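Peer 1: Okay, handing you the structure first.
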Amino acid sequence: MTDTRYVEPAGPIEGALNRAVRWFSDRGMGPAGAQTLEVTGRKTGALQRIPVNPVTVGGAEYLVSPRGLTQWVRNVRVADHVVLRSGRTVRAVTAIELDPGDDRAVAVLREYVRRWGWEIGRFLPSPLSADSADADFRSALDTVPVFAVIPSGTAASA
């Protein structure tokens, strides 16, 4: 990622909505498959819990940060392992950031926009639809981090 773009939550209502989505996700009722990402803060060492929308492409799972360089992205970049939680299902995973030039990143962002665009479209650096050109997605990837989710204990490279 070459930019430091970050779209902050727009006021207390959006913050309250994020907390509500996390509450539902913690109980296995996340809207449209939302889960809670748990990662240790790189500076504070405190547990950070954030609602995320995992997306599956080609049988592999990914996380996308449409808001850009968020705190969870910065923390995941330095964390050995993170946790994804949905109700009683708790999974320890490793998140490996994809290079923006990786063709998988384009496919992942396209699917993410197809599935979650109604919710996250306003956070993207430019308007995208599932029908946008690959070049448009590739351009957005300079400021939209994408992570491959690898189950802990699984040797794999992203």
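Counting in the working numbering, the sequence shown runs from 77 upward without gaps. All C-beta atoms in this analysis are idealised placements derived from N, C-alpha and C, irrespective of residue type, glycine included. Keep in mind it's a predicted model, so treat the numbers as computed, not measured.
With C-beta atoms as the reference, is Phe223 less than 9 Å away from Leu185?
Peer 2: No, they are not a contact pair.
Peer 1: Excluding the 5 residues preceding and the 5 following Pro130 in the sequence, name in chain order all residues of the same chain whose CB lies nearer than 8 Å to its CB.
Peer 2: Within the same chain, Pro130 has close Cβ partners Gly109, Gln111, Glu137, Tyr138, Leu139, Leu160, Val225.
Peer 1: Could you give the distance in angstroms between the alpha-carbon of Gly177 and the alpha-carbon of Arg167?
Peer 2: Rounded to the nearest angstrom, the two C-alpha atoms are 28 Å apart.
Peer 1: Have a look at Ser162, Ala171, Leu217, Glu187 and flag the residue whose alpha-carbon is nearest the alpha-carbon of Ser228.
Peer 2: Here the closest residue by C-alpha is Ala171.
Peer 1: Looking only at its chain, what residues have a beta carbon closer than 8 Å to the beta carbon of Gly117, apart from the 5 residues adjacent to it on each side?
Peer 2: Here the set comprises Leu123, Gln124, Gln147, Asn151.
Peer 1: Short check: CB of Pro142 to CB of Tyr188, under 9 Å?
Peer 2: It is a contact, given that the beta carbons lie within the stated cut-off.
Peer 1: Residues in the same chain with beta-carbon distance under 8 Å from Gly193, minus the five sequence neighbours each way, listed in chain order, please.
Peer 2: Once the five neighbours on either side are set aside, the close Cβ partners of Gly193 are Leu204, Ser205, Ala206.
Peer 1: Is the beta carbon of Arg81 closer than 9 Å to that of Thr219?
Peer 2: Yes, the Cβ-Cβ distance between Thr219 and Arg81 is below 9 Å.
Peer 1: What three-state label does DSSP hand Ala224 in the structure shown?
Peer 2: It is a strand residue.
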